[in-house]
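Trainee:
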Amino acid sequence: MLGAMFRKTLLRRHAVFSVFKIFSHFSLCLASGKCLASVMRHFFFLQYKVALFPGKIPLSDVDNPLDAAVPFKPEWVAVYLDFSTFWIRTQGFLLEAFGRRALPFARDFILSMGGLYRKAAEVYARNVSTTRRPRYLGNLRFILIHAVDPHLMCIPSLHVMVVIRAYTAFRAMVGALGGEARFAAEVDDVRRHALAIAESILYVKQHSVNCIPAAMYAMTRFDGALFPPEEAERFVGSLFASADGMGAEDVAAIKSRIVGLYAEFLREGEGAEDWTEPLVEFLRLRRRP
Numbered sequence: 002m003l004g005a006m007f008r009k010t011l012l013r014r015h016a017v018f019s020v021f022k023i024f025s026h027f028s029l030c031l032a033s034g035k036c037l038a039s040v041m042r043h044f045f046f047l048q049y050k051v052a053l054f055p056g057k058i059p060l061s062d063v064d065n066p067l068d069a070a071v072p073f074k075p076e077w078v079a080v081y082l083d084f085s086t087f088w089i090r091t092q093g094f095l096l097e098a099f100g101r102r103a104l105p106f107a108r109d110f111i112l113s114m115g116g117l118y119r120k121a122a123e124v125y126a127r128n129v130s131t132t133r134r135p136r137y138l139g140n141l142r143f144i145l146i147h148a149v150d151p152h153l154m155c156i157p158s159l160h161v162m163v164v165i166r167a168y169t170a171f172r173a174m175v176g177a178l179g180g181e182a183r184f185a186a187e188v189d190d191v192r193r194h195a196l197a198i199a200e201s202i203l204y205v206k207q208h209s210v211n212c213i214p215a216a217m218y219a220m221t222r223f224d225g226a227l228f229p230p231e232e233a234e235r236f237v238g239s240l241f242a243s244a245d246g247m248g249a250e251d252v253a254a255i256k257s258r259i260v261g262l263y264a265e266f267l268r269e270g271e272g273a274e275d276w277t278e279p280l281v282e283f284l285r286l287r288r289r290p
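In this note's numbering, the protein residues as written are 2 to 290.
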């Protein structure tokens, strides 16, 4: 009965309930503060610095011809914007399901989210990137996106990094807390929603096909135990399972590109002194003059 209730509400309940749950614990308040500081410093402040002082960091165009095979679907914007509240809801779920036993797991997870932004910023600080996106102003969400997002941090995609961390860590935490069998449906729900958010970045034209393998590579280097190459292949294999408006050949070509470029980044990263080198080299070859 309890499991059925969580399955019904986990992905639909308002994130404010999870926020209240998190902030009712002092250790999680501290972790959340550190996470927010990392997000502000390594994403928002850095991006606006680049936008206000162009030319100080090289800028690359990272579009791929396969992007044209993905139809523009503005109705997916709500899914796209759900990436942050999505992971917050997973932690609210853990706290409700397991009580205080979940506290150290939630704390480490929240801190790791801040770590993702620091990790991605190691690339952004050396080379920022952008893609072509339609100037669609058909609803308030897109108006806000165009108003506040300079669109300069595409590789690696933090959207994809965040949702990969959310579903792999959620699965591991549920297992470590002894709820693997009881909450198998919830684990599957979280994974499917992560896949939907990863797809949404292409449907709303905020990223390129190239941005997904870059994010996957970053996640393997961030935590190879949770996201090894085998999991990366399973992740890509599950993308666009019900692609609407896309032909089977296009879907296959996109998946092949993602898997191939991810493998290329891994090979190049093996002999590199710094994990960022494959991504920075990819961006260097696409820099604007």
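Heads up, the beta-carbon is just placed ideally off N, CA and C, and yes, glycines get one too. Keep in mind that this is a model prediction, so the values were computed, not measured.
#1: With a threshold of 8 Å on Cβ separation, who are the neighbours of R238 within its own chain once the five nearest residues in sequence on each side are excluded?
#2: I believe K74 touches Y263 by the beta-carbon criterion, under 8 Å. Please report the beta-carbon distance rounded to the nearest angstrom.
#3: So, with DSSP's three-state summary, where would you put D62?
#4: Could you check the C-alpha separation between D275 and N140 for me, to the nearest Å?
#5: Tell me the rounded alpha-carbon separation between A254 and L67.
#6: Might you give, ordered along the chain, the residues of its own chain that have their beta carbon closer than 8 Å to the beta carbon of I202, omitting 5 neighbours on each side?
#7: Do G180 and F110 have their C-beta atoms closer together than 8 Å?
#8: So V210 is in the alpha helix (DSSP H); what residue range does that whole segment cover?
#9: Which word fits R172, buried or exposed, when buried means at least 16 other C-beta atoms lie within 10 angstroms of its C-beta?
#10: With C-beta atoms as the reference, is R90 less than 8 Å away from A170?
#11: How big is the Cα-Cα spacing for F21 and R287?
#12: Where E231 and G225 are concerned, what is the direct C-alpha to C-alpha distance, given to the nearest angstrom?
#13: May I have a chain-ordered list of the alpha helix (DSSP H) segments no shorter than 4 residues that lie completely inside the stretch 148–201?
#14: If the criterion is Cβ atoms closer than 8 Å, does the pair V188 and M114 meet it?
#15: Quick check on DSSP: helix, strand or coil for S243?
#16: Could you pull the start and end residues of the alpha helix (DSSP H) that S130 belongs to?
#17: Comparing C-alpha positions only, which one of Q92, Y49 and V124 sits nearest to R285?
#18: Could you tell me whether the stretch 43–53 touches the stretch 121–138, using the rule of 3 or more Cβ pairs below 8 Å?
#19: According to the Cβ coordinates, are A121 and A32 closer than 8 Å?
#20: What is the C-beta distance between L117 and A52, in whole angstroms, given that I count them as a contact (C-beta under 8 Å)?
#21: Any idea if Y49 is buried or exposed, counting beta-carbon neighbours within 10 angstroms, 16 or more meaning buried?
#22: So V71 is in the alpha helix (DSSP H); what residue range does that whole segment cover?
Mentor: With the given structure in hand:
#1: For the purposes of this step, residue 238 is taken as residue 237 along the sequence shown, with counting starting at 1. Note on identity: in this sequence residue 238 is Gly, with Arg being the wrong assignment. Correct list, in chain order: K256.
#2: Residue mapping note: residue 74 aligns to position 73 of the sequence shown, counting from 1. Residue mapping note: residue 263 aligns to position 262 of the sequence shown, counting from 1. Contact between K74 and Y263 fails: their C-beta atoms lie close to 24 Å from each other, not under 8 Å.
#3: Here residue 62 refers to the residue found at position 61 of the sequence shown. Strand.
#4: Position 274 of the sequence shown, counted from the first residue, corresponds to residue 275. Position 139 of the sequence shown, counted from the first residue, corresponds to residue 140. Roughly 42 Å separates the two Cα atoms.
#5: Position 253 of the sequence shown holds residue 254. Position 66 of the sequence shown holds residue 67. The alpha-carbon of A254 is positioned some 8 Å away from that of L67.
#6: Indexing the sequence shown from 1 puts residue 202 at position 201. Taken in chain order, the residues that qualify are Y81, S158, H160, V161, H208, C212 and I213.
#7: On the sequence shown, residue 180 is found 179 positions in, with the first residue counted as 1. On the sequence shown, residue 110 is found 109 positions in, with the first residue counted as 1. Their beta carbons are not under 8 Å apart, which means G180 does not touch F110 by this criterion.
#8: Locating residue 210 in the sequence shown gives position 209, where the first residue counts as 1. Where V210 is concerned, there is no enclosing alpha helix (DSSP H), given that its DSSP letter is neither H nor E.
#9: Indexing the sequence shown from 1 puts residue 172 at position 171. With 16 or more other Cβ atoms from the protein chains shown falling within 10 Å of its own Cβ, R172 counts as buried.
#10: Within the sequence shown, residue 90 is the residue found at index 89, counting from 1. Within the sequence shown, residue 170 is the residue found at index 169, counting from 1. No, Cβ-Cβ distance for R90 and A170 is not below 8 Å.
#11: For this step, residue 21 is matched to residue 20 along the sequence shown. For this step, residue 287 is matched to residue 286 along the sequence shown. Near 44 Å, if we compare the C-alpha coordinates of R287 and F21.
#12: Taking the sequence shown and counting its residues from 1, one reaches residue 231 at position 230. Taking the sequence shown and counting its residues from 1, one reaches residue 225 at position 224. Between the C-alpha atoms of E231 and G225 there is a straight-line separation of about 10 Å.
#13: Correct list: 159–177.
#14: Here residue 188 corresponds to residue number 187 of the sequence shown, with the count starting at 1. Here residue 114 corresponds to residue number 113 of the sequence shown, with the count starting at 1. V188 places its beta carbon 8 Å or farther from that of M114.
#15: For the purposes of this step, residue 243 is taken as the residue at position 242 of the sequence shown. S243 falls in the coil class under three-state DSSP.
#16: Residue 130 sits at position 129 when you count from the first residue of the sequence shown. Segment V129 to T131 is the beta strand (DSSP E) holding S130; no alpha helix (DSSP H) there.
#17: Residue 285 sits at position 284 when you count from the first residue of the sequence shown. Nearest Cα to R285 within the set Q92, Y49 and V124: V124.
#18: The stretch 43–53, when compared against the stretch 121–138, does touch it at the 8 Å Cβ threshold.
#19: Taking the sequence shown and counting its residues from 1, one reaches residue 121 at position 120. Taking the sequence shown and counting its residues from 1, one reaches residue 32 at position 31. Cβ atoms of A121 and A32: not closer than 8 Å.
#20: Here residue 117 refers to the residue found at position 116 of the sequence shown. Here residue 52 refers to the residue found at position 51 of the sequence shown. Not confirmed; about 22 Å, so no contact.
#21: For the purposes of this step, residue 49 is identified with residue 48 of the sequence shown, where counting begins at 1. Y49 should be labelled exposed.
#22: Here residue 71 refers to the residue found at position 70 when the sequence shown is read from its first residue. Run containing V71: none; DSSP gives neither H nor E here.
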